[in-house]
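**Q** Heads up: the protein sequence lines correspond to chains A and B, in order.
Heads up: the first sequence begins at 128 in our numbering, then just goes up one per residue.
Heads up: the second sequence begins at 5 in our numbering, then just goes up one per residue.
Okay, here's the structure, questions in a sec.
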Amino acid sequence: DAGITQSPRHKVTETGTPVTLRCHQTENHRYMYWYRQDPGHGLRLIHYSYGVKDTDKGEVSDGYSVSRSKTEDFLLTLESATSSQTSVYFCAISVASGIYEQFFGPGTRLTVL
Amino acid sequence: QKEVEQNSGPLSVPEGAIASLNCTYSDRGSQSFFWYRQYSGKSPELIMSIYSNGDKEDGRFTAQLNKASQYVSLLIRDSQPSDSATYLCAVWRTGNQFYFGTGTSLTVIP
């Protein structure tokens, strides 16, 4: 399972509240990613990180921020949650083994009421 | 144009048959190609990686890559009901970004 955990696994919150999702990995991988998955859209990249304090935006970054102060933790924050951010959020890491392969955490189901 | 396109399905095959899943990609700079299996309510699981033209086999799975046609396929031989899932095609190119298709739903009928 590539040693990836996500917390919380499920969360229900109200519009306008801040939300932070945590991704934790145990194998010191350099690259970490946050995706959201919605019906009809597949997996869409929100932000990714290529090292401590090094992050960049993905395809759907508006309304989201990230931080990575330690190699093992990558945090995704919704500053003011909206109903359009109701989704399943996956964290992933990529491993270089000849080619880069990506492995996913178990996911967080977020509902914004 | 989408980076990665897949037929959404659903695709239904009888148990024991060959399931064929297809994917096309738009950027000729794509270098590595992947198939993921995703069961309902679960996270994507990597089942095949390929980066050279031709076929790559792993058990009942065969990935096929044709870079000239920008086409990747996955064949599942002797399909089992446990293969019923959504299959995601993904590509990687320099910059360490992965691009995913929306997935093809496969049902294997006992």
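Using N, Cα and C, we set each Cβ at its ideal position, and we do this for glycine too.
Note that the coordinates shown come from a computational prediction; the quantities given were computed from them, not determined experimentally.
Span of the beta strand (DSSP E) holding LEU76 of chain B?
**A** Checking the sequence, you will find Val at residue 76 of chain B rather than Leu. Its beta strand (DSSP E) spans residues 75-80.
**Q** Hey, could you find the ends of the beta strand (DSSP E) GLN42 of chain B is sitting in?
**A** GLN42 of chain B -> beta strand (DSSP E) spans 36-42.
**Q** Work out the CA separation of GLY99 of chain B and GLY56 of chain B for me, nearest whole Å.
**A** One point to set straight first is that residue 56 of chain B is Ser, not Gly, in the sequence displayed. Distance between the alpha carbons of SER56 of chain B and GLY99 of chain B is about 19 Å.
**Q** Should VAL193 of chain A go down as buried or exposed, given a rule of 16 or more other Cβ atoms within 10 Å for buried?
**A** Classification for VAL193 of chain A: buried.
**Q** Drop a sphere of 10 angstroms on the beta-carbon of SER214 of chain A, count the other beta-carbons inside from all chains shown, and report buried for 16 or more, exposed for fewer.
**A** By the 10 Å Cβ count, SER214 of chain A comes out buried.
**Q** For ARG136 of chain A, which of A:LEU148, A:THR144, A:THR142 and A:GLY130 has the nearest alpha-carbon?
**A** It is A:LEU148.
**Q** Nearest to GLY33 of chain B by alpha carbon, out of B:TRP96, B:PRO114, B:LEU110 and B:VAL112?
**A** Nearest C-alpha to GLY33 of chain B: B:TRP96.
**Q** Which term fits GLY232 of chain A, buried or exposed, when burial requires 16 or more other beta carbons within 10 angstroms of its beta carbon?
**A** By the 10 Å Cβ count, GLY232 of chain A comes out buried.
**Q** So, helix, strand or coil for LYS18 of chain B, using DSSP?
**A** At residue 18 of chain B the sequence reads Pro, which differs from the Lys that was named. Strand at PRO18 of chain B.
**Q** Does the beta carbon of TYR216 of chain A sit closer than 8 Å to a beta carbon anywhere in chain B?
**A** Not one chain B Cβ lies under 8 Å of TYR216 of chain A.
**Q** Which residue wins for smallest C-alpha separation from PRO85 of chain B, given the options B:GLN5, B:SER16, B:ASP59 and B:LEU50?
**A** Comparing Cα positions, the closest option is B:SER16.
**Q** So the candidates are B:LEU79, B:TYR103 and B:THR111; which of them puts its Cα closest to the Cα of LEU172 of chain A?
**A** When only C-alpha atoms are compared, the closest one is B:TYR103.
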